[in-house]
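The opening residue of the sequence shown carries number 0 in numbering that gives the first Met the number 0; numbering runs sequentially from there.
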Amino acid sequence: MKTVLTSSPRKAARYILQGEVVAFPTETVYGLGANIFDEDAVKKIFKAKGRPKDNPLIAHISELSELPLITQTISPFAETFIQHFFPGPLTVVLPKSNYVPHIATGGLDTLGVRMPQNEFAQEFLKATGVPIVAPSANLSGKPSPTTWQTVEEDLHGRISCILKGKQTEVGLESTVVDCTKKFPIVLRTGAITLEQLQSVIPTTRLADARSSGLKKSPGTKYRHYSPEGKVILVVRAKDAIPFRNSAYIGLERHEELSAFRLGKVCTSIEEYARSLFLFFRMCDEKNIKTIHCQIVKETGLGLALMDRMKRAAAG
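What follows is the structure, encoded as structure tokens:
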């Protein structure tokens, strides 16, 4: 299969209308999209990624008027979150409509929905004229892509089109919150923090790690975010031992940074989150065997960053 690279959202949208899948940029990571109502097109997402069929996808919309097409009801919790955080890196889980094929939801009766704030994504979604269901645009199990070049590395020859945009602003997948229960439950942490959600609905809480409800969100059931090398979490920069085939990333500068094959010092938690997956990819390119990641406080964005690093370290 020939994979077309384009910088035109309208050209990329034509592939969607032809029943194909398209990789496109958002503010979180690059997504791999298909028309949510086209079951055959949605199947192509799973085939291209090698994704388990029971791993649900997230619907991306450009207008709130699309919600009644893909959901049955919108709870007061969801309405509040939508009012405060759409467009943005937040996914709300709602009961799906009968128009949405079960393959898009991993066989579940719920659907995660979000409205990206990335202008390129918005232009692309509006040009398609339909809700787009999309996971991250990478081979399953690998770190999510934050550049179009990374998408091409994984999916060239597997998909019809890649919409080229800039490196993603956030670098981590969206926050996912279940709005079908008595109170909102955060299934996956992201750039919209628990504290932000609790500021508008104080009863919002994190899902228990053993909760069966986690299956409603992608990124919680299967191996995710892992580079080829072993990820080791360190408290301080000095705890990372440099050697010829190792790497370090963190907020503290390592005294022997140049002794690592690859090293990066981030100036903020936001830069750390934006850089993590791309750093993992760079380590894979250099065949680095050990990657030291400095831990951060598990508050705010740090909660999501630590979630991704812990999962990567678990292999």
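The C-beta atom is built at its ideal place from N, Cα and C for all residues, glycine as well.
Residues bridged to residue i (per DSSP)
| i | result |
| --- | --- |
| P94 | T109 |
| G32 | V21 |
| Y247 | G262 and H291 |
| I57 | G111 and A133 |
| I81 | According to DSSP, I81 bridges with nothing at all. |
| T5 | L162 |
| T145 | Answer is none; T145 lacks a bridge partner. |
| L89 | T174 |
Buried/exposed call for residue i, threshold 16 Cβ in 10 Å
| i | result |
| --- | --- |
| F119 | buried |
| G106 | exposed |
| H155 | exposed |
| G128 | exposed |
| A208 | exposed |
| L63 | exposed |
| N97 | exposed |
| P130 | buried |
| A311 | buried |
| K163 | buried |
| P75 | exposed |
| V20 | buried |
| P201 | exposed |
| S159 | buried |
| D39 | exposed |
is_contact[residue i, chain B] using C-beta, thresh 7 Å
| i | result |
| --- | --- |
| R260 | Within the model displayed, chain B is absent; a lone protein chain is all it includes. |
Of the listed residues the options, nearest to residue i (C-alpha basis)
| i | options | result |
| --- | --- | --- |
| S225 | T104, Y14, F45 and F278 | F278 |
| T192 | S139, L304, I131 and R113 | L304 |
| F242 | I287, T202, V264 and A272 | I287 |
| A190 | E297, E19 and A258 | E297 |
| V3 | R157, S257 and A239 | R157 |
| S7 | G30, P67, F123 and L68 | F123 |
| T299 | K95, T188 and N34 | A quick correction: the sequence has Gly, not Thr, at residue 299. With distances taken between Cα atoms, G299 lies closest to T188. |
Check your understanding: Does the stretch 246-262 come within contact of the stretch 290-298, defined as at least 3 CB pairs closer than 8 Å?
Key -> Yes: the two stretches touch, three or more of their Cβ pairs being nearer than 8 Å.
Practice item. Could you name each continuous alpha helix (DSSP H) segment of 4 residues or more that falls completely within the stretch 170-234, going from the start of the chain to the end? Key: Taking 4 residues as the shortest admissible run, the stretch 170-234 contains the following complete alpha helix (DSSP H) segments, listed from N- to C-terminal end: 193-199.
Review point. Are the stretch 83-93 and the stretch 128-148 touching, with three or more C-beta to C-beta distances below 8 Å?
Key: Contact fails: fewer than three Cβ-Cβ distances are below 8 Å.
Review point. Is the stretch 48-64 touching the stretch 99-116 in the sense that three or more CB pairs, one from each, lie closer than 8 Å?
Key: In short, these stretches touch, since the Cβ pair count reaches three.
Check your understanding: Does the count of Cβ pairs from the stretch 169-183 and the stretch 267-285 closer than 8 Å reach three?
Key -> Three or more beta-carbon pairs separated by less than 8 Å link the stretch 169-183 to the stretch 267-285, which places the two stretches in contact.
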